[in-house]
Amino acid sequence: MKTGWLGAFAASALLAAGYAQADADLAKKNNCIACHQVETKVVGPALKDVAAKYADKDDAVTYLAGKIKSGSSGAWGQIPMPPNVNVSDVDAKALAEWILTLK
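Quick look at the structure:
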């Protein structure tokens, strides 16, 4: 069965939506959502603001994955982000990649 460009577009949109949902679930699983939301600042910055800040950084995925794992202080105000030692390297990279799509 031929689906044409519209069918291909719809399929790719569904895949993209599924990918984003899988990473949102990963953020929930790793307790990122306790301090971060996509659109609004909670304890930490909104994830879309993180994406915007680091969008032009050449090594943004590696940089953010490192911050996810080791924590951070001073980049977003007085409240430090504690290290997330239970987040695997693979999950940290996937979360960083997902965050960068949110801009």
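All residue numbers for the sequence shown refer to the numbering used here, where the first residue is 1177 and numbers rise by one. Where is the CB? At the ideal position from N, CA and C, for every residue including glycine. Bear in mind the structure is a predicted one, so any value in this text is a computation, not a measurement.
Residue i, DSSP secondary structure in three states
{"i": "residue 1249", "result": "coil"}
{"i": "residue 1186", "result": "The predicted model places residue 1186 with a pLDDT of 45, which falls under 50 and marks its position as unreliable, so this point remains unresolved."}
For residue i, the residue or residues it bridges with in DSSP
{"i": "residue 1205", "result": "Paired residues: none, contrary to the question."}
{"i": "residue 1217", "result": "1212"}
Rounded straight-line distance, which links the Cα of residue j to that of residue i
{"i": "residue 1265", "j": "residue 1202", "result": "13 Å"}
{"i": "residue 1230", "j": "residue 1236", "result": "6 Å"}
{"i": "residue 1273", "j": "residue 1255", "result": "24 Å"}
{"i": "residue 1251", "j": "residue 1267", "result": "22 Å"}
Distance between beta carbons of residue j and residue i, contact taken as under 8 Å
{"i": "residue 1241", "j": "residue 1269", "result": "5 Å"}
{"i": "residue 1208", "j": "residue 1271", "result": "7 Å"}
CB contact flag (residue i, residue j, <7 Å)
{"i": "residue 1244", "j": "residue 1263", "result": "yes"}
{"i": "residue 1222", "j": "residue 1216", "result": "yes"}
{"i": "residue 1227", "j": "residue 1279", "result": "yes"}
{"i": "residue 1257", "j": "residue 1246", "result": "no"}
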